[in-house]
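Student:
Numbering (the working numbering), first residue to last: 321 to 832.
1) Along the alpha helix (DSSP H) that carries residue 515, what are the first and last residues, could you check?
2) Is residue 662 helix, strand or coil by DSSP?
3) Check residue 488 in the structure and name its three-state DSSP category.
4) Note down the Cα distance separating residue 322 from residue 353, rounded to an integer number of angstroms.
5) So, for residue 467: in the same chain, excluding its five sequence neighbours on each side, which residues have a beta-carbon less than 7 Å away from its beta-carbon?
6) Decide yes or no for the touch test of the segment 661–676 against the segment 392–401: beta carbon pairs closer than 8 Å, at least 3 of them.
7) Return the chain-ordered ranges of every alpha helix (DSSP H) run that is complete within the segment 762–798 and spans a minimum of 4 residues.
8) Note down, in chain order, each residue of its chain lying with its Cβ closer than 8 Å to the Cβ of residue 580, except the 5 sequence neighbours on either side.
9) For residue 540, which residues of its own chain have a beta-carbon under 8 Å away from its beta-carbon, when the five flanking residues on both sides are left out?
10) Rounded to the nearest angstrom, how far is the Cβ of residue 357 from that of residue 349, given a contact under 8 Å?
11) Assess, as a yes-or-no matter, whether the segment 467–476 is touched by the segment 690–700 under the definition of 3 or more beta carbon pairs within less than 8 Å.
12) Select from 369, 805, 594, 442 the residue whose C-alpha is nearest the C-alpha of residue 691.
13) Could you please give the first and the last residue of the uninterrupted alpha helix (DSSP H) stretch that includes residue 343?
14) Taking the alpha-carbon of residue 521 as reference, which of 494, 499, 657 has the nearest alpha-carbon?
15) Cα separation between residue 634 and residue 622?
16) Does DSSP put residue 606 in a helix, in a strand, or in coil?
17) Residue 375 and residue 807 look like a contact to me (Cβ under 8 Å); what is the Cβ gap, rounded to whole Å?
18) Give the DSSP-derived three-state secondary structure of residue 400 in the structure shown.
19) In angstroms, rounded to a whole number, what distance separates the CA positions of residue 488 and residue 331?
20) Quick one: any contact between the segment 791–801 and the segment 637–645, if contact means 3 or more CB pairs under 8 Å?
21) Please identify the residue among 461, 481, 529, 510 whose C-alpha is closest to the C-alpha of residue 649.
22) Ends of the alpha helix (DSSP H) at residue 729?
23) Just to confirm the assignment: which complete alpha helix (DSSP H) runs, minimum length 4, are found wholly within the segment 624–676?
24) Under 8 Å by Cβ, that's how I've got residue 781 and residue 523 pegged, so tell me the actual separation to the nearest angstrom.
25) Rounded to a whole number of angstroms, what is the C-alpha to C-alpha distance between residue 684 and residue 454?
26) Which whole-angstrom value is the C-beta distance of residue 797 and residue 371, which I expect to be below 8 Å?
27) Pick from 709, 480, 559, 748: whose alpha carbon is nearest that of residue 812?
28) In angstroms, rounded to a whole number, what distance separates the CA positions of residue 825 and residue 392?
29) Going by CA-CA distance only, name the one from 775, 586, 687, 406 that's closest to residue 660.
30) Can you tell me the Cα-Cα spacing of residue 707 and residue 722, whole angstroms?
31) Going by CA-CA distance only, name the one from 779, 338, 689 that's closest to residue 559.
32) Looking at the structure shown, is residue 408 part of a helix, part of a strand, or coil, going by DSSP?
33) So which of 359, 396, 513 has the shortest CA-CA distance to residue 335?
34) Buried or exposed, going by whether 16 or more other CB atoms sit within 10 Å of the CB of residue 724?
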């Protein structure tokens, strides 16, 4: 009994209560006025994307520069997360947990199909379906899912890991990491606001991920078992996934997230290897090489292109959306990567994240995307026609079903999608439980009931929207809207991180 009381007293009820009210009010609003609420959400999204899209782009550019500086500077690169600590996870498990936590099922879906949207409606005024449009179609996903995304995650990772493992502070929340900039004000109302901003942003990011992953799972079930792909089926999929990641959250990070991550990476690598062999291997290699070269040659231009004269809407629909989505995940990923980075140096976290993250993006997008593009260009499957007639999720599944032993491929996609979603939301609920706990001892896990509460809360809004028939685009706007306040918190964390590391370095020099 006393143990339970201690667990309850360790919960930050302000953060939990405000977040619960936000989720409840949002769900009631969506149920009571589905059409009006969707229209209002889209209007807010359009306003933010058009008027503040530049903000996300500049934030990503600055983050890349600061990551490189922090990782290479002699002032910071050798600082270890826990002075005498040893690494808890192997390189493979560490990279796998990072990768699965950040990418989820959206990685599978967009890895296969994103190129098709850019090929049929390219940026820069290019002619649709042209040779150059095809080359950029293979290049842009590497931009959207590559260095910019990972750079947003890594400085917060260093900040949280440094506070938790090196400074050995018990508070493992967003506000505490901002102390170096904001002082003791983080112990009051301001600190709770920062934590709540983080929670709202993550709710948006997770909602988008669920909105992308659930249709792919329901399309797989439709193809395998003939179940009708309806909003209700997609909602049931969310409930099942929520149950899986709640169970994984109950088991804890080492038993749950690690095992799921390792299994998922094995399945995805196996699928990629088979696709590489079964597909037009020479085309995949050539297009992958071309896309990598085009990315390196035009990285700055692609990262800053906003189309101010033509106003085609392409940057807002793609680059701005992705950066907002990554921003909504940035602090969460910082907390999560920090928790699994004990014993690693600043250099290892920064360049491990950048290299492993981009390498995974390059391998999977190059093989999966160019496999699909090759199928379309050689006439064996009309990907663009299918995309228009039955939509993206069904197109992805139908391409896999057209392969030899297609049932095995579709079943593998079903398993990989479910595990990806479960791992992502498992990690998110675990992290939110840490943030809403007043104190977390080194090596201690947050309370299991609190973790499961967040697992359910994260799924609530997207489940309601999906039940009411919301489109993928409707769910995507959650990221752009709810990521905006996260940007403020992110900036404070970055500034605080540099101040903490500089102070620590000066202290180390003076003591030596």
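Quick reminder that beta carbons are idealized off the backbone N, C-alpha and C, glycines included.
Just so it is clear, the structure is predicted and the values come from calculations on it, not from any experiment.
Tutor: So, to answer that:
1) Translated into the one-based positions of the chain shown, residue 515 becomes position 195. It spans 509–545 - the alpha helix (DSSP H) in which residue 515 sits, taken as one unbroken run.
2) Numbered from its first residue, the chain shown carries residue 662 at position 342. Residue 662 carries a coil assignment under DSSP once its states are collapsed to helix, strand and coil.
3) The residue labelled residue 488 in the question sits at position 168 within the chain shown. Assigned with DSSP and collapsed to three states, residue 488 falls in coil, not helix or strand.
4) Here residue 322 refers to the residue found at position 2 when the chain shown is read from its first residue. Here residue 353 refers to the residue found at position 33 when the chain shown is read from its first residue. Low confidence applies to residue 322: its pLDDT is 48, below 50, so where it sits in the model is not reliable, and the reading given next is rough at best. It is roughly 45 Å from the alpha-carbon of residue 322 to the alpha-carbon of residue 353.
5) Reading the chain shown from its first residue, position 147 is the one you call residue 467. Closer than 7 Å at the Cβ level, and outside the excluded window around residue 467, lie 384, 674, 678.
6) The segment 661–676 is in contact with the segment 392–401.
7) You should have 768–787.
8) If you number the chain shown from 1, residue 580 lands on position 260. Closer than 8 Å at the Cβ level, and outside the excluded window around residue 580, lie 420, 568, 739, 742, 743, 746.
9) Here residue 540 is taken as the residue at index 220 of the chain shown, counted from 1. Same-chain partners within the cutoff: 717, 730, 731, 733, 734, 737.
10) Locating residue 357 in the chain shown gives position 37, counting from the first residue. Locating residue 349 in the chain shown gives position 29, counting from the first residue. Between the beta-carbon of residue 357 and that of residue 349 there is about 5 Å, and that keeps the pair under the 8 Å contact cut.
11) Segments in contact, no.
12) Reading the chain shown from its first residue, position 371 is the one you call residue 691. Cα-wise, what sits closest to residue 691 is 594.
13) For the purposes of this step, residue 343 is identified with residue 23 of the chain shown, where counting begins at 1. Taken as a continuous stretch (DSSP letters only), the alpha helix (DSSP H) holding residue 343 covers 333–352.
14) Looking up residue 521 in the chain shown gives position 201. It is 494 whose Cα lies nearest to the Cα of residue 521.
15) Here residue 634 is taken as the residue at index 314 of the chain shown, counted from 1. Here residue 622 is taken as the residue at index 302 of the chain shown, counted from 1. The alpha-carbon atoms of residue 634 and residue 622 are separated by roughly 12 Å.
16) Counting from one through the chain shown, the residue named residue 606 turns up at place 286. Reduced to three states, the DSSP call for residue 606 is helix.
17) For the purposes of this step, residue 375 is taken as residue 55 along the chain shown, with counting starting at 1. For the purposes of this step, residue 807 is taken as residue 487 along the chain shown, with counting starting at 1. Right, the Cβ-Cβ distance comes to about 7 Å (below 8 Å), so this counts as a contact.
18) Numbered from its first residue, the chain shown carries residue 400 at position 80. Here residue 400 sits in strand by DSSP.
19) Within the chain shown, the letter at position 168 stands for residue 488. Within the chain shown, the letter at position 11 stands for residue 331. Distance between the alpha carbons of residue 488 and residue 331: 20 Å.
20) Touching, per the Cβ criterion.
21) Counted from its first residue, the chain shown places residue 649 at position 329. For residue 649, the closest of 461, 481, 529, 510 by C-alpha to C-alpha distance is 529.
22) Taking the chain shown and counting its residues from 1, one reaches residue 729 at position 409. Residue 729: member of the alpha helix (DSSP H) spanning 726–755, first to last residue.
23) For the segment 624–676, the full-length alpha helix (DSSP H) segments reaching 4 residues or more read 641–659 along the chain.
24) As a first step, residue 781 must be located in the chain shown, where it is residue number 461. As a first step, residue 523 must be located in the chain shown, where it is residue number 203. Rounded, the Cβ-Cβ distance is 6 Å, consistent with contact.
25) As a position in the chain shown, residue 684 is number 364, starting the count at 1. As a position in the chain shown, residue 454 is number 134, starting the count at 1. Rounded to the nearest angstrom, the gap between the Cα atoms of residue 684 and residue 454 is 18 Å.
26) The count along the chain shown starts at 1 and reaches residue 797 at position 477. The count along the chain shown starts at 1 and reaches residue 371 at position 51. Rounded, the Cβ-Cβ distance is 15 Å, inconsistent with contact.
27) Along the chain shown, read from residue 1 onward, the residue named residue 812 stands at position 492. Of all alpha-carbon atoms in 709, 480, 559, 748, the one lying nearest the alpha-carbon of residue 812 is that of 480.
28) The residue labelled residue 825 in the question sits at position 505 within the chain shown. The residue labelled residue 392 in the question sits at position 72 within the chain shown. Their Cα atoms are separated by approximately 15 Å.
29) Sequence index remark: in the chain shown, residue 660 carries index 340 (1-based). For the residues 775, 586, 687, 406, the minimum Cα distance to residue 660 belongs to 406.
30) Along the chain shown, one-based indexing puts residue 707 at 387. Along the chain shown, one-based indexing puts residue 722 at 402. Each residue's CA atom was taken as its position, placing residue 707 and residue 722 some 15 Å apart.
31) For the purposes of this step, residue 559 is taken as residue 239 along the chain shown, with counting starting at 1. The closest CA to that of residue 559, considering only 779, 338, 689, is found on 779.
32) For the purposes of this step, residue 408 is taken as the residue at position 88 of the chain shown. Residue 408 falls in the coil class under three-state DSSP.
33) Locating residue 335 in the chain shown gives position 15, where the first residue counts as 1. The option with the nearest alpha carbon to residue 335 is 513.
34) Residue mapping note: residue 724 aligns to position 404 of the chain shown, counting from 1. Exposed, since its Cβ has fewer than 16 Cβ neighbours within 10 Å.
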